[in-house]
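Residue numbers (our numbering), protein chains in the order written: chain A, -19 to 96; chain B, 251 to 754.
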C-alpha cells in the first residue's frame, strides 16, 4: 500500500472517530490488531459496544465505500469482535453489540448504524 | 426509505403466473438482495438491472435494496422480471414517482446497455395480467397485442421508458416487425399420384381425428402423404387458435404471423429425447413436441426407431389430450391433443413388403418389432400399407383430388361430430356409441366373428365403431352403421404384419 493510501485511510478513521465522539461515544480502541485481522474503531456508549469498519474513498468512481464491506469481511469482523471482548482486562460490560460501517468520502461521512 | 410494488408475470408450462415485484430501499450496506425463490437466470437480474439503470443515466441508490418476488413460495424462472425490478428499484429509491407507474405492468429482459429484450411466453404472460396497460419489448409487442387484455406499450430501451414515464418524452412509437400472413399454400394432396387407400385413410383420419399408422418401404411416399394432412384439417377456431398460440409463445416461438390459425405439423426426429417430446426440462417447464402439435398433427417418421420409453410416454396424451409433467417442486399440465400419424418400414431393410426381397435376419426383425408396445399399436385406428406407386402412375397418372375438395368433406364431417358434442368422432365416449354409432344386425355379426377370431380387443371394438361412424359421415350416411362401413373400418385397421409380433 502506498503512503498516500495509508494516509487516506488514517484520515478517514480520524474523521469517523470524531463523528462518534461528537455523539457521546467513547473511543476505546483504534486499529486493534490480532492474528485474525484488525478492527478499525471500537466505541462504547453506556453498555453498548460499537465495532465500526471504516471505509474511505477519494471518489465514488469505484462505487459506494460501504459496498466494499462484503459478507466475508462482515463475518471476519464478527469473529474479531469476540476476540477483542475476550482480550479485555478488566472485562467490558456489554449489554448490546453493534456493528457499524462508516463510509468516508472527501466531503461527507455516512455512518450506517447496525449495518450487519 | 422507499417502497414499491410493480406488477409483472412469468410463464410456467403454458400458463402465465402474476408476480408482484416488491422493492424496499432502506439504510444498510448498499447492495441488492433478491428473495422470493428466484432461479439462476432470475437471480442474475440483480447485475443486469444495475448495469442497465446506470447505462440509462439514472441514479443507482446508495441504499440497501431488498427485492421480493411475491408469491414467494413459487419458483421464479427466466429474465422476464428484469424490467419490473428496474422500475421497482427506481420508484423505491425516489427516481420515479409512484404516480408515474400507476396501472402499469412491466415485462422484459434488460441488456447491460439498457436495451429491453424480448422474452419467451409473452402471450400467456400478458394474459395473466389485469393491469390497465403493460410495457413490453418492441419485438414482443405484436404477440402481446393478440391477447384481449391490457393496453400494450412497446419500448426499446430503459432510458426511453424512463423518459416516457416522467413525461419528458411521449411514449415511443416504434416500427413493429411486419406481420407475415401464413406464407405459401400448404402442401396439396393433388401432388400425390395413385395411393387410393392411403388417401382414403388420410381423409378419414382428418375427418374423425383417428390416429394413423403407415407401413411401407422407403420411397413409398409416407412422409409426403403425412405432410399433407394438416392441409385437410379445418382451420383452428378463435379459441383453439388462442390456445395453440399460447403454447407456441410459451415455447419461445415468435408469432410473427399473428394468431396461429392453421393446425400445426410437428415432426420430431427419432433421436428426440423424452424431455424434447413431452416437455419439462427446466423449472420453466417448456412445452414439448406433443404440446406444440396440440390442435394439429404429430408425425413420427421411422416410428420403430424411437426409444420405447419415449413412445410409451405418448399414451397419456393420446388418452387424455393433456400431459402432466411432474418435477420435485410442482406439476405442470400441458395441453397435448393431437392427431398422431406415424410411419415405419415393415422391417429394418424396408423391403419386407415384397415377397423374398427382405434380407433382414430373424433376430434383427424380432428386435425391431419388440420396440413397439402392443398398447401403443392399439391406439392406431387406421393402419395402412403404403406401396411404391408403379411407373404408369408416376409418369402419366391423373392428378388426384385437391386438398381443398377433401377438406370440404372433412369440414362437413366435423360439423356432424360437433352436433354430437365432440370435436371429432374419435372423441366419442364409449357409453355414447349406442346412441351415435348403432350397428345393423349383419354388421353386428361381422364384429362378433372378428372378436371371436381374436383379431380385435374390446377397446378395438369401440374404436372400429368410431371409425365406421366417420366413414359413414363422409359418405353422407347418417343412420345405423352397416356391414360396408364396419367392413371398411376393419379393413383399414389391418393387422400390422410385423412377422411374429402381429397385433390386431
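Backbone N, C-alpha and C define an ideal beta-carbon position, used for all residues, glycine too.
Because the structure is a prediction, the values reported are computed rather than measured.
Minimum C-alpha distance to residue i - residue among the options
i: residue 72 (chain A); options: A:2, A:-15, A:6, A:-18; result: A:6
i: residue 464 (chain B); options: B:551, B:428, B:422, B:415; result: B:551
i: residue 549 (chain B); options: B:518, B:642, B:700, B:525; result: B:518
i: residue 388 (chain B); options: B:623, B:532, B:405; result: B:405
i: residue 343 (chain B); options: B:253, B:364, B:565; result: B:253
i: residue 665 (chain B); options: B:363, B:630, B:680, B:458; result: B:458
i: residue 629 (chain B); options: B:596, B:515, B:673, B:561; result: B:561
i: residue 337 (chain B); options: B:298, B:640, B:428; result: B:298
i: residue 535 (chain B); options: B:652, B:514, B:578; result: B:578
i: residue 621 (chain B); options: B:595, B:639, B:486, B:570; result: B:595
i: residue 332 (chain B); options: B:301, B:563, B:671, B:576; result: B:301
i: residue 393 (chain B); options: B:567, B:721, B:427; result: B:427
i: residue 503 (chain B); options: B:368, B:654, B:425; result: B:368
i: residue 315 (chain B); options: B:290, B:281, B:515; result: B:281
i: residue 278 (chain B); options: A:47, A:66, A:69; result: A:47
i: residue 612 (chain B); options: B:623, B:597, B:624, B:626; result: B:597
i: residue 643 (chain B); options: B:539, B:570, B:444, B:601; result: B:444
i: residue 251 (chain B); options: B:351, B:640, B:340; result: B:340
i: residue 89 (chain A); options: A:-13, A:-2, A:51; result: A:-2
i: residue 4 (chain A); options: A:23, A:37, A:-13; result: A:23
i: residue 9 (chain A); options: A:81, A:94, A:86, A:68; result: A:68
i: residue 257 (chain B); options: B:726, B:472, B:382, B:653; result: B:382
Residues near residue i in its chain [Cβ-Cβ closer than 6 Å; skip 5 each side]
i: residue 583 (chain B); result: 572, 574
i: residue 592 (chain B); result: 463, 550, 553
i: residue 76 (chain A); result: 28
i: residue 750 (chain B); result: Per-residue confidence for residue 750 (chain B) stands at a pLDDT of 37, beneath the threshold of 50, marking its modelled position as unreliable; the derived number appears in the next sentence. Answer for residue 750 (chain B): no residue qualifies.
i: residue 96 (chain A); result: 54, 79
i: residue 263 (chain B); result: 535, 582, 584
i: residue 413 (chain B); result: 419
i: residue 724 (chain B); result: 457, 659, 663
Proximal residues of chain B, C-beta to C-beta of residue i below 9 Å
i: residue 49 (chain A); result: 279
i: residue 95 (chain A); result: 277, 278, 279, 314
7 Å Cβ shell around residue i - same chain, five flanking residues per side excluded
i: residue 456 (chain B); result: 479, 482, 483, 660
i: residue 26 (chain A); result: none
i: residue 44 (chain A); result: 83
i: residue 555 (chain B); result: 520
i: residue 599 (chain B); result: 608, 609, 610
i: residue 495 (chain B); result: 373, 396, 505, 509, 510
i: residue 474 (chain B); result: 442
i: residue 492 (chain B); result: 509
i: residue 711 (chain B); result: 697, 701
i: residue 361 (chain B); result: 302, 367
i: residue 424 (chain B); result: 388, 404, 406
i: residue 525 (chain B); result: 531, 538
Neighbouring residues, chain B, relative to residue i (Cβ below 8 Å)
i: residue 22 (chain A); result: Neighbours of residue 22 (chain A) on chain B: none; closest Cβ ~19 Å, over 8 Å.
i: residue 81 (chain A); result: 279
i: residue 89 (chain A); result: The contacting residues do not exist; residue 89 (chain A) stays about 13 Å from chain B at best.
Residues that residue i contacts on chain B, provided the C-beta gap is smaller than 7 Å
i: residue -10 (chain A); result: Here the premise fails: no neighbours, minimum Cβ distance about 23 Å.
i: residue 44 (chain A); result: 280, 312
i: residue 92 (chain A); result: 277, 278, 279
Proximal residues to residue i (C-beta, below 8 Å), its chain only, five neighbours per side dropped
i: residue 690 (chain B); result: 730, 731, 732, 733
i: residue 716 (chain B); result: 458, 460, 631, 675, 676, 678, 683, 687
i: residue 16 (chain A); result: 56, 59, 60, 63
i: residue 566 (chain B); result: 572, 573, 574
Continuous alpha helix (DSSP H) assignments of at least 4 residues falling wholly in the region 267 to 305 of chain B: 290 to 293, 295 to 305
If the cut-off is 8 Å on Cβ atoms, which residues from the region 263 to 278 of chain B count as contacting chain A, listed in chain order? Against chain A - using a Cβ distance shorter than 8 Å - the residues of the region 263 to 278 of chain B are 277, 278.
Entirely enclosed beta strand (DSSP E) segments - the region 305 to 390 of chain B, minimum 3 residues: 314 to 320, 354 to 356, 383 to 387
Identify each residue in the region 282 to 314 of chain B for which the Cβ-Cβ distance to at least one residue of chain A is less than 8 Å, and report them in chain order. 312
Taking only runs of the beta strand (DSSP E) that begin and end inside the region 427 to 502 of chain B, which ones reach a length of at least 3 residues, in chain order? DSSP assignment within the region 427 to 502 of chain B yields the following whole beta strand (DSSP E) runs of 3 residues or more, N-terminal first: 462 to 465.
Where are the beta strand (DSSP E) runs, 3 residues long or more, that stay fully inside the region 549 to 606 of chain B, in chain order? 572 to 576, 581 to 585, 589 to 594
Can you list, in chain order, the stretches of the alpha helix (DSSP H) that have 4 or more residues and sit fully within the region 654 to 718 of chain B? 683 to 686, 691 to 702
Entirely enclosed alpha helix (DSSP H) segments - the region -12 to 72 of chain A, minimum 4 residues: 51 to 67
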